[in-house]
Every structure is written in structure tokens, then in C-alpha cells.
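What follows is a single structure, written as C-alpha cells, with notes after it.
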Amino acid sequence: MSFFKTTLLAATTAVLATAGSAATITNGSFEDIGSGTLNNSGWNIFASVPGWTGHPNIEIQSDKTLGSIDAQDGDYYAELDTNQNSTISQDLFLGAGSYILSFYYSPRVNATPTTTNDLVFEVVSQSFGSLLFNSISGAPNPAYPHGKWTQVTANFTLVEDDDVSLFFSAVGEQRTAGCGDCGALIDNVSLSAVPLPVGVLLLLTGLGALGAARRRKTA
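According to mature numbering (1 follows the signal peptide of the UniProt record, and there is no 0), the stretch in the sequence shown is residues -22 to -1, 1 to 197, in order.
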């Protein structure tokens, strides 16, 4: 095999590896609560669970917690209102590229109008700042009905390999009639890399092979 073909193959492999090396979300369905336990009602509040840090804490619920909904994936899910508005976060290392963030959302409180089910979600790069900032407000509504899980997706792009943090935050009112401190429910959080278009892949691998060939020639 010629040097150019060998280099092109190596460059292609490297690009594919980078595109496919997106760090997976740890404990995206909140099934692992570590050494913690749930109370007799099937829920509890923790400072953190594997993969997730609470600010100030995180509430994990199970199928037996509410009569209106079960977990979207597995047996557990998270509520973002832990007797107060709270945030949960996870730190990741991602390769350069485009990504799709996906999660499932349900409003706990079946009342309108209310802001208690509102949330924001954000992806922040250590080097480049906010890559994604979005919100859900005003639920329940036709887009996000009570008692059902609705998939939410959002795209973002990272121009260089970097450490990033993913945040989900409750932002609505902290008290509402019939439910002292209730809020957004989330489950089945995932992150996937968007495949590079063939033309971009060929361009990147070609440039990589050309650069390697030039370095070899001048060495």
C-alpha cells in the first residue's frame, strides 16, 4: 500500500474515531442511586448520584412515587424541584463535532397557568462558554401534556475537543397550590454525535493525508 493511501486510511480512521467518541451520558435514566435508598413512598433527595451532581441536591423518584406517571426508561427518574428550585449537572469530555442532546420531560403539576414546571437546560464549554441554552415553560400544554413523557431534542456544535458541562435547572415558582414544591420531571438523558457529511469527511481526511505527506517530504 502506498504511503498516501496508508496516510489517508489513518486520517480517515482518526476522524471517524473522533466523530464516534462522543462521551456517553453517565446514568442518564437515573437508575443508579449508588449507596442511597428510597423512602417508603419511593423517592428521596440526594446531594448527588453517580454521574450527576445536585445544586444543592437531586430528587430521585420511582414508579410508585406518583399515581400519574411511571419512569420513561427503567424504574427511576429525576425531579428538578427538591423542596426548592434545584439544578443537576454532569461533566463530560467531548471531541469536536456536532451533537444531539435528547431527554424526556413531563410536568408534574397539572394546573394552569403555572410556572412551577418550568426548566432550562444548557451545555457549557470550558473554553468557549455556552453552546446551548433552551427552556421549557408554561406546561402542561398541548406540546407537553401532564401524565405523559415528551421527548425533547436540541443540537449544538463544539469546534474543538473540550470539557463541557450539562445542566438542567428548575426555574419556575417554588410553591403552587396542591403541591408544596413540585416541578419538572426528566428521564432518559442521552447525547449522540451527528455523523459528518461524506463531503466534509473526505475533505478532512484528504487534508490530513496531504499534511502528513508534506511533513514526510520535508523531513
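Glycine is no exception: its CB is placed at the ideal position from the N, C-alpha and C atoms.
In terms of Cα proximity to residue 83, the closest of 124, 138, 68 is 124.
Beta-bridge analysis with DSSP links residue 56 to 38, 164. Residue 47 is positioned such that its CB atom lies no closer than 8 Å to that of residue 35. Here the alpha carbons of residue 81 and residue 41 stand approximately 18 Å from one another. By the Cβ-count criterion, residue 50 is buried, with 16 or more other Cβ atoms from all chains shown falling within 10 Å of its own Cβ. Taking each of 16, 171, 162 in turn and checking the Cα distance to residue 92, the smallest one comes out for 162.
The Cβ atoms of residue 142 and residue 168 lie no closer than 8 Å to each other.
For residue 149 and residue 98, the gap between their C-alpha atoms comes out near 7 Å. Bounds of the beta strand (DSSP E) holding residue 107 are 107 to 114.
For residue 157, the closest of 139, 87, 116, 165 by C-alpha to C-alpha distance is 87. Taken through DSSP and simplified to helix, strand or coil, residue 146 comes out as strand.
Here residue 52 has 7, 9 as same chain residues with Cβ atoms under 6 Å from its own Cβ, once five neighbours each way along the sequence are excluded. Check the Cα spacing between residue 58 and each of 126, 165, 108: the tightest is with 165. When 61, 29, 31, 11 are compared, the shortest CA-CA separation from residue 38 is found for 11.
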